[in-house]
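Residue numbers (my numbering), protein chains in the order written: chain A, 1 to 328; chain B, 1 to 281.
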């Protein structure tokens with residue numbers, strides 16, 4: 001056997017190995033591409049399936065489905081108005097309260113807290129996000145709602161309930177359950193999400209920017225209010241939108257404390273419902289096509305609302321990233 | 001510093017800082033309140049029967065959550081088993097091949113949409129594509145719903161972790177003539193293993209506490225079953241029924257189950273955090 005033929009067979013072996021490697025590479029890449037497309041496919045399938053199954057309700061009730069408060073399985077007449085309104089009102093209450101609280105937490109974590117305390121408190125706030133939503137529901141129903149009814153609700157009714165314009169909002173039986181308590185429980189649930197985003201965007205504010213404001217004699221609050229907040233406003237709004245998305249879609253906790261009535265009242269103390277709680281309560285009992293289709297239509301509406309909110313949040317957070325790219 | 005304007009600004013500052021501390025305290029107070037209530041109400045009913053006996057029917061005394069614990073582990077396990085390989089491969093495309101391309105951007109956006117999709121809507125979807133065609137509720141349907149919830153979590157965390165691996169490591173291996181897939185599997189996956197496991201743990205913690213999508217996919221079952229083609233109980237779904245129900249022993253079981261499942265989820269989250277912290281060092 002000559003040296004030449006030995007070299008030749010070694011070269012052939014190398015070529016074969018290379019070809020094999022390339023084949024495997026293509027296969028591997030193909031597999032990853034397929035599964036990446038799978039993610040798109042799942043979302044597409046969700047939208048298509050919901051659309052198809054919701055269609056009977058939309059075609060039967062038309063646009064009136066959105067404005068009608070009827071919900072009667074006997075006469076097969078369904079309207080989404082009370083559920084949609086309940087979803088929006090509870091989420092609005094949650095956002096209105098969670099945003100200032102989250103801001104306070106983020107301010108504390110980025111500016112005030114001693115270093116050694118940051119991690120434990122940060123983790124504790126994150127744990128608030130880890131508690132299963134069903135637990136919030138049980139706690140809300142058995143502990144928080146009765147406490148609220150006994151200690152807070154009648155005080156609010158006696159004071160705010162007598163005011164001229166906003167009075168009717170706060171009148172009602174002191175049972176605890178209703179839109180307001182649902183909104184309060186949601187507040188606690190979304191605080192960790194908003195606070196985490198705020199903390200992260202506050203952390204990226206360049207130190208030089210803050211230092212120059214301090215050098216001019218600004219107080220901490222003024223630095224926060226006039227430097228940090230404007231600098232991070234887009235990111236903060238993005239975080240708020242993420243929290244809003246959570247609040248809109250939350251099911252189990254709300255189902256426990258919202259009271260579950262297909263009514264619209266002026267008062268936040270009266271039992272109401274949300275899209276998610278209506279589906280959770282009625283889906284297994286919905287045996288007729290119009291009933292089930294109406295519930296799926298509710299699901300589709302909820303999905304579209306959260307989709308729009310999330311798209312807005314993503315768009316805003318993208319602006320932040322782009323801004324950072326330019327400043328860096 | 002007798003300047004009244006300056007004094008005013010200092011007072012405002014002091015007040016707002018105090019408010020910030022108070023608000024942080026408020027959030028911690030609620031965490032403490034919830035945990036306290038769970039311990040006080042739940043700990044008295046933690047006994048062997050809770051783990052060994054099945055859920056009692058209406059009006060039947062005693063009982064436990066044994067079948068629900070087993071069902072939760074089976075369905076969450078199946079959900080993770082389905083979501084993890086799909087999620088890791090999809091994230092591999094995003095981090096290794098797609099990177100900043102348009103298609104990768106779209107997939108990331110869609111993934112984020114799925115991440116915040118209401119879980120009850122996913123339950124409705126799985127009802128439509130699995131339960132209705134097959135004609136019955138099953139643990140498979142529940143596991144698929146949980147997998148769809150876990151998938152975006154896995155994709156998101158794995159994508160982030162893979163991007164943290166420096167390109168020099170990939171380049172060094174490629175320069176030695178290593179095929180790309182070997183680089184990914186033996187260099188990139190290996191270096192980000194702790195991060196990927198963190199993501200899987202977080203996904204598990206997320207789905208093990210989910211009740212909404214199980215209400216009309218796996219439905220629940222009063223008895224022990226290991227058969228995924230049958231309806232199956234899960235802890236959160238049992239808690240929903242029992243807490244809403246009128247029986248005293250149902251409520252007791254619900255509180256004990258709430259304590260156990262919350263501690264389980266919180267421990268999972270803390271382990272995941274420690275793991276990711278150790279991998280960053």
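Note that CB positions come from ideal geometry on N, CA and C, so glycine has one too.
Give me the Cα-Cα distance between residue i and residue j, rounded to the nearest whole angstrom.
i                      : j                      : result
residue 157 of chain B : residue 5 of chain B   : 50 Å
residue 154 of chain B : residue 91 of chain A  : 27 Å
residue 316 of chain A : residue 234 of chain A : 6 Å
residue 298 of chain A : residue 183 of chain A : 20 Å
residue 250 of chain A : residue 212 of chain A : 43 Å
residue 264 of chain B : residue 185 of chain B : 31 Å
residue 116 of chain B : residue 306 of chain A : 8 Å
residue 252 of chain A : residue 133 of chain A : 6 Å
residue 312 of chain A : residue 241 of chain A : 7 Å
residue 120 of chain A : residue 268 of chain B : 16 Å
residue 143 of chain B : residue 78 of chain B  : 6 Å
residue 75 of chain B  : residue 10 of chain B  : 57 Å
residue 188 of chain A : residue 148 of chain A : 15 Å
residue 314 of chain A : residue 42 of chain A  : 20 Å
residue 190 of chain A : residue 101 of chain A : 10 Å
residue 217 of chain B : residue 88 of chain A  : 27 Å
residue 6 of chain A   : residue 13 of chain A  : 11 Å
residue 107 of chain B : residue 53 of chain B  : 45 Å
residue 18 of chain B  : residue 111 of chain A : 12 Å
residue 26 of chain A  : residue 165 of chain B : 22 Å
residue 113 of chain B : residue 13 of chain B  : 39 Å
residue 160 of chain B : residue 155 of chain A : 49 Å
residue 259 of chain B : residue 248 of chain B : 17 Å
residue 348 of chain A : residue 245 of chain B : Nothing about residue 348 of chain A can be reported from this structure: the residues present for chain A run from 1 to 328 only.
residue 49 of chain A  : residue 103 of chain B : 24 Å
residue 257 of chain A : residue 178 of chain A : 6 Å
residue 252 of chain B : residue 192 of chain A : 29 Å
residue 272 of chain A : residue 105 of chain B : 40 Å
residue 282 of chain B : residue 138 of chain A : What is shown of chain B runs 1 to 281, which leaves residue 282 of chain B out entirely.
residue 113 of chain A : residue 29 of chain B  : 17 Å
Please classify residue i as buried or exposed, where buried requires at least 16 neighbouring CB atoms within 10 angstroms.
i                      : result
residue 52 of chain A  : exposed
residue 226 of chain B : exposed
residue 152 of chain B : buried
residue 223 of chain A : buried
residue 285 of chain A : exposed
residue 36 of chain B  : exposed
residue 287 of chain A : exposed
residue 282 of chain A : buried
residue 118 of chain B : buried
residue 74 of chain A  : exposed
residue 15 of chain A  : exposed
residue 71 of chain A  : buried
residue 94 of chain A  : buried
residue 60 of chain B  : exposed
residue 240 of chain B : buried
residue 262 of chain A : buried
According to DSSP, what are the bridge partners of residue i?
i                      : result
residue 78 of chain A  : A:71
residue 272 of chain A : A:259
Is the number of C-beta pairs between the stretch 95 to 105 of chain A and the stretch 11 to 31 of chain B that are closer than 8 Å three or more?
yes
For the stretch 166 to 185 of chain B and the stretch 56 to 70 of chain B, state whether three or more C-beta atom pairs, one from each stretch, are separated by less than 8 Å.
no
Contact set between the stretch 198 to 230 of chain A and chain B, restricted to residues whose Cβ is under 9 Å from the partner:
Per Cβ criterion, the list reads 217, 218, 219, 220, 221, 222, 224 and 225.
Of the residues that make up the stretch 107 to 123 of chain A, which ones have a beta carbon closer than 7 Å to any beta carbon in chain B?
107, 108, 112, 121 and 123
Please confirm if the stretch 209 to 226 of chain A is in contact with the stretch 122 to 139 of chain A, defined as three or more CB-CB distances below 8 Å between the two stretches.
no
Along the stretch 234 to 255 of chain B, where does the CB come closer than 7 Å to a CB of chain A? Name the residues.
236, 239, 240, 243 and 254
Contact the stretch 151 to 171 of chain A vs the stretch 189 to 200 of chain A: 3+ CB pairs below 8 Å
no
Between the stretch 163 to 176 of chain A and chain B, which residues of the former have CB atoms less than 8 Å from a CB of the latter, in chain order?
none
Output, in sequence order along the chain, the residues in the stretch 68 to 94 of chain B whose CB is closer than 7 Å to any CB in chain A.
86, 89, 90, 92, 93 and 94
Give a yes or no on contact between the stretch 286 to 294 of chain A and the stretch 46 to 63 of chain A, applying the rule of three or more CB pairs nearer than 8 Å.
With the cut-off at 8 Å, the stretch 286 to 294 of chain A and the stretch 46 to 63 of chain A touch.
Selection of the stretch 126 to 151 of chain B by Cβ proximity to chain A, strictly under 8 Å
Within the stretch 126 to 151 of chain B, the residues whose Cβ lies closer than 8 Å to some Cβ of chain A are 127, 128, 129, 148 and 151, listed in chain order.
For the stretch 28 to 44 of chain A against the stretch 88 to 95 of chain B, do three or more pairs of beta-carbon atoms, one drawn from each stretch, fall closer than 8 Å, so that the two count as touching?
Contact between the stretch 28 to 44 of chain A and the stretch 88 to 95 of chain B is present, because at least three Cβ pairs lie under 8 Å.
Interface residues of the stretch 256 to 278 of chain B facing chain A [CB-CB below 7 Å]:
258, 261, 262, 265, 266, 269 and 273
Would you call the stretch 205 to 213 of chain B and the stretch 176 to 191 of chain B in contact, with 3 or more CB pairs under 8 Å?
Put simply, the stretch 205 to 213 of chain B does not touch the stretch 176 to 191 of chain B. Fewer than three CB pairs are less than 8 Å apart.
Sufficient close CB pairs (3 or more, under 8 Å) joining the stretch 41 to 50 of chain B to the stretch 191 to 209 of chain B
no
Note down, in chain order, all residues in the stretch 49 to 69 of chain A with a beta-carbon under 7 Å from any beta-carbon belonging to chain B.
49, 50 and 53
Where the stretch 111 to 125 of chain B meets chain A: residues whose CB sits under 9 Å from a CB there
111, 112, 113, 114, 115, 116, 117, 118, 119, 120, 121, 122, 123, 124 and 125
Closer than 8 Å between beta carbons: that is the criterion. Which residues of the stretch 128 to 148 of chain A meet it against chain B?
128, 130, 131, 132, 133, 134, 135, 136, 137, 138, 139, 141, 142 and 143
Any 3 or more C-beta pairs closer than 8 Å across the stretch 259 to 275 of chain A and the stretch 164 to 184 of chain A:
yes
Against chain B: residues of the stretch 272 to 283 of chain A by CB proximity under 7 Å
So the list reads 276, 279, 280 and 283, given in the order they occur along the chain.
Positions along the stretch 8 to 22 of chain B whose CB lies within less than 7 Å of some CB in chain A
9, 10, 12, 13, 16, 17, 19, 20 and 21
Residues of the stretch 72 to 94 of chain A with a CB closer than 8 Å to any CB of chain B: list them in chain order, please.
none
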